[in-house]
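First to last, the sequence lines map onto chains A and B. Going by this note's numbering, the final residue of the first sequence carries number 238, and the count climbs one at a time with no gaps. Going by this note's numbering, the final residue of the second sequence carries number 1118, and the count climbs one at a time with no gaps. A short worksheet on the structure shown next.
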Amino acid sequence: MNRDPYAIALNNAITEIHKAYPDIKNSFIFTKNGTTLTGDQETDQQTINSIQESFENLKEKAKTIGNLESFTITTKDGELTLSNIKDMHLLLATSKNADKNHIHSITQVIIPTILKTMETLAPIQPQITPPKQLIVDTLTGFFAGDSVQIDTEIVKDWTKNNDDPRARVKAALTGEQSTPENIDQVKIETFGGNSTLCKVKEINDQNMKGKNMIRIPEKLCRTLEINKGDLVKVEPAS
Amino acid sequence: MTERNTETDETENELEELQEKLQEIKDQEGIIGYILRGTKSASIDLKDPTKIIDYAVLSSTAFDASTNMTEALQMGEPKKIVIESEETKLLSMNVNNHRLSIFMEKTVNHNKLYKNLK
């Protein structure tokens, strides 16, 4: 079973549904690509795999009547329902005395609502902006200043992450900024293990644009023990 | 010998009765058609004959998948199978040792059909 927070939350939901509706004998959720997200304790993986295999085969053949939405089997002992919820499938096996309205509520209201809520909240996990590997160019002269210069596209890319609605949800819930709105500082780390924080500006030399370069003042290069042409890791500083 | 003849007569009568019901159902609004398959023979009546093979394969797969799933969960033999897609619905069931699949539009009340046929 998948153990990410999304799956754990779904598992808790399934457990609570089992407690509330004892007529549900088996239940599990799997994705369209066949990954089992969560399931009850009673149903072993072999059973789940066997059911999934049969269902996948049926789903393929059912394309002739359009995309399959639900599949229900009634036996003398109960009912088995496989519902299509967003990009997942929910299986519920119930006893013959199960209240059909309750089952309908679970498959059409409760689980879809949980999934929708999870979709909103799951991305609360911190957004990690991957460090960029950039080639060092030295800034020399009187106007070199103490800021490094990097490509506009890189800054835009980082800013795009800041605009991610998921990051905004996190900020709203924690009351913190997950990443600064405007990137004005970066962390530079050399492969020799030296690192520093410094102000950042967009590269102003047209010839340097789009070349995956970082222009670092000569003085700072000396501090970091790097030279022109070296690779450094750069990421926005929080 | 006489007993066996009586049994055969009864089965034939039941089958005739079933086919009469299916003829009536076929003309109802929203019914796309049906497939009735026995051990030795099959009768198919679909509005769109080009879909006969696809529908026959789906019908057969529905029975097989249902049996596999209910066996895996120890739920007993399938009595009624319903597959719903965006616009179409399939009702499958066993009647007098025949596998029956009725294809219909989603708006049709399949429970009413099931009660009529079982």
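Heads up, the beta-carbon is just placed ideally off N, CA and C, and yes, glycines get one too.
{"query": "Listed by chain order, chain B residues near Ser-50 of chain A by CB distance under 9 Å", "result": "Asn-1068, Met-1069, Glu-1071 and Ala-1072"}
{"query": "Beta-carbon neighbours of Ile-73 of chain A, restricted to chain B and to distances below 7 Å", "result": "Ser-1066, Met-1069, Thr-1070, Pro-1078 and Ile-1081"}
{"query": "Chain B contact residues for Asn-97 of chain A, given Cβ-Cβ distances below 7 Å", "result": "In chain order: nothing, as chain B lies at least about 14 Å away."}
{"query": "Ser-257 of chain A versus A:Glu-79, A:Gly-210 and A:Lys-219, residue with shortest Cα-Cα distance", "result": "Because chain A here runs from 1 to 238, residue 257 of chain A falls outside it and cannot be looked at."}
{"query": "Minimum Cβ-Cβ distance from Ser-1085 of chain B to chain A less than 7 Å", "result": "yes"}
{"query": "contact_flag[the region 1017-1024 of chain B, the region 10-28 of chain A] where n(CB pairs < 8 Å) is 3 or more", "result": "no"}
{"query": "Which residues DSSP lists as bridging Ile-216 of chain A, in chain order", "result": "A:Thr-138"}
{"query": "Closer than 7 Å to chain A by CB, Thr-1107 of chain B", "result": "no"}
{"query": "Within chain A, partners of Tyr-1055 of chain B - CB distance below 7 Å", "result": "Thr-64"}
{"query": "Coil, strand or helix - Met-208 of chain A by DSSP", "result": "helix"}
{"query": "Under 9 Å by beta carbon: chain A residues contacting Met-1104 of chain B", "result": "Per Cβ cutoff of 9 Å: no residues; Met-1104 of chain B is ~10 Å from chain A at best."}
{"query": "Rounded straight-line distance, which links the Cα of Leu-115 of chain A to that of Asp-137 of chain A", "result": "49 Å"}
{"query": "Partners in chain B for Ala-93 of chain A, counting only beta-carbon separations shorter than 8 Å", "result": "Leu-1073 and Met-1075"}
{"query": "Start and end residues, beta strand (DSSP E) containing Met-1093 of chain B", "result": "1088-1095"}
{"query": "Contact with chain A by Gln-1023 of chain B, beta-carbon distance below 7 Å", "result": "no"}
{"query": "Chain B contact for Gly-192 of chain A (CB, 7 Å cutoff)", "result": "no"}
{"query": "Separation of His-102 of chain A from Ile-24 of chain A, as counted between CA atoms", "result": "10 Å"}
{"query": "Contact list for Gly-34 of chain A against chain B, beta-carbon separation under 9 Å", "result": "Correct list: empty, because the minimum Cβ distance to chain B is about 15 Å."}
{"query": "Sub-7 Å separation of His-89 of chain A and Leu-82 of chain A beta-carbons", "result": "yes"}
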